[in-house]
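According to the numbering used here, the stretch in the sequence shown is residues 81 to 302, in order.
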Amino acid sequence: IEAALTDGPLKGRHILITSGPTHEPIDPVRYIANRSSGQQGAAIAEALAGQGAQITFITGPATAPRPKGVNVIEVETAAQMLAATEAALPADAAIFAAAVADYRVEEASAQKIKKSGAEAPEIRLTQNPDILKTISNHAQRPKLVIGFAAETNDVQAHAKTKLDKKGCDWILANDVSPSTGIMGGAENQITRITRDGTDPWPRMTKRQTAQRIATLVAEALA
Ligand code: CTP
Ligand code: CA
81 IEAALTDGPL
91 KGRHILITSG
101 PTHEPIDPVR
111 YIANRSSGQQ
121 GAAIAEALAG
131 QGAQITFITG
141 PATAPRPKGV
151 NVIEVETAAQ
161 MLAATEAALP
171 ADAAIFAAAV
181 ADYRVEEASA
191 QKIKKSGAEA
201 PEIRLTQNPD
211 ILKTISNHAQ
221 RPKLVIGFAA
231 ETNDVQAHAK
241 TKLDKKGCDW
251 ILANDVSPST
261 GIMGGAENQI
271 TRITRDGTDP
281 WPRMTKRQTA
291 QRIATLVAEA
301 LA
């Protein structure tokens, strides 16, 4: 409500954001996860809301505080995130900042798995749906679809491949190799990859990164 009343270049626009990790259950007490804090996604949501956009923020179990002035939808798994994202369409833009688990346990156990003898249990994995790719190819595709790519090597080449494979409009590529200190830190250093070329940004805080994204989204939707 607060965000909808904010004036700005994105007034009247609906923007979807996915954020945070997903948790994929193994049994009722255990899950597969990743280290995404959800900080960058939350900062993007607040920056876009500050420009007047109406935000649907679909988040996995992230540690970062939820953004203010936006519609927050909490999910746990990739499957739930996909369902919530599709249900939130139509949108003018969609930004996929979530670190979605690539795999889930094929058949999560209904009961807590107990130790039995010396044998370690085998856990069979199956691939999760690709939410970004699904929405990029959706009948109700938003005009602007933005994906992220965290890479440790050949950053631009991998990111360019992702742009083509997923069919989105921009990939915001991040070099997360250990030497950069980006992973788990307060800063980001992004290269924006579009079909027109590459646009390297200086290293800056996640909040500044979010502001830059919001400015570019407003320009693209104008
Ligand atoms: N993504 C998604 N659904 C998935 C996997 C990824 O929506 N099941 C989105 C992420 O939110 C991100 C982009 O796709 O915006 C790229 O995620 P990434 O993990 O880098 O790409 P993958 O295709 O999973 O490739 P890989 O992990 O093998 O590098
Ligand atoms: Ca992945």
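Don't be surprised by glycine CBs; every beta carbon is placed ideally from N, CA and C. Every value quoted in this text rests on a predicted model; they were computed, and no experiment measured them.
Three-state secondary structure (DSSP) of residue i
i, result
"I203", "coil"
"D277", "A quick correction: the sequence has Gly, not Asp, at residue 277. Three-state DSSP puts G277 in a strand."
"L252", "strand"
"T102", "coil"
"R303", "Outside the displayed span of the chain (81 to 302) sits residue 303, for which this structure offers no information."
"R292", "helix"
"D107", "strand"
"G121", "helix"
"L229", "The question names Leu, but residue 229 in the sequence shown is Ala. Reduced to three states, the DSSP call for A229 is strand."
"I112", "strand"
"K148", "coil"
"H218", "coil"
Residues that residue i bridges to, as DSSP identifies them
i, result
"R93", "Its beta-bridge partners do not exist; DSSP assigns none."
"I270", "N254"
"I135", "I95"
"L224", "A173"
Below 8 Å, how does it come out for the stretch 185-200 and the stretch 229-239: are there three or more Cβ pairs, yes or no? no
Count Cβ pairs between the stretch 113-127 and the stretch 202-220 that sit closer than 8 Å; are there 3 or more? no
Which residues end up in the neighbourhood of ligand 2 when you take C-beta atoms closer than 7 Å to any of its heavy atoms? V180 and D182
Can we say the stretch 260-270 touches the stretch 206-213, given the rule of at least three CB pairs closer than 8 Å? no
Complete beta strand (DSSP E) runs within the stretch 152-212 (minimum length 3 residues, chain order): 173-176, 183-185 and 205-207
Are the stretch 150-162 and the stretch 196-206 touching by the rule of at least three beta carbon pairs closer than 8 Å? no
The stretch 284-298 in contact with the stretch 87-99 per 3-pair CB rule at 8 Å: yes
With three or more beta-carbon pairs closer than 8 Å as the criterion, would you say the stretch 165-175 touches the stretch 105-114? no
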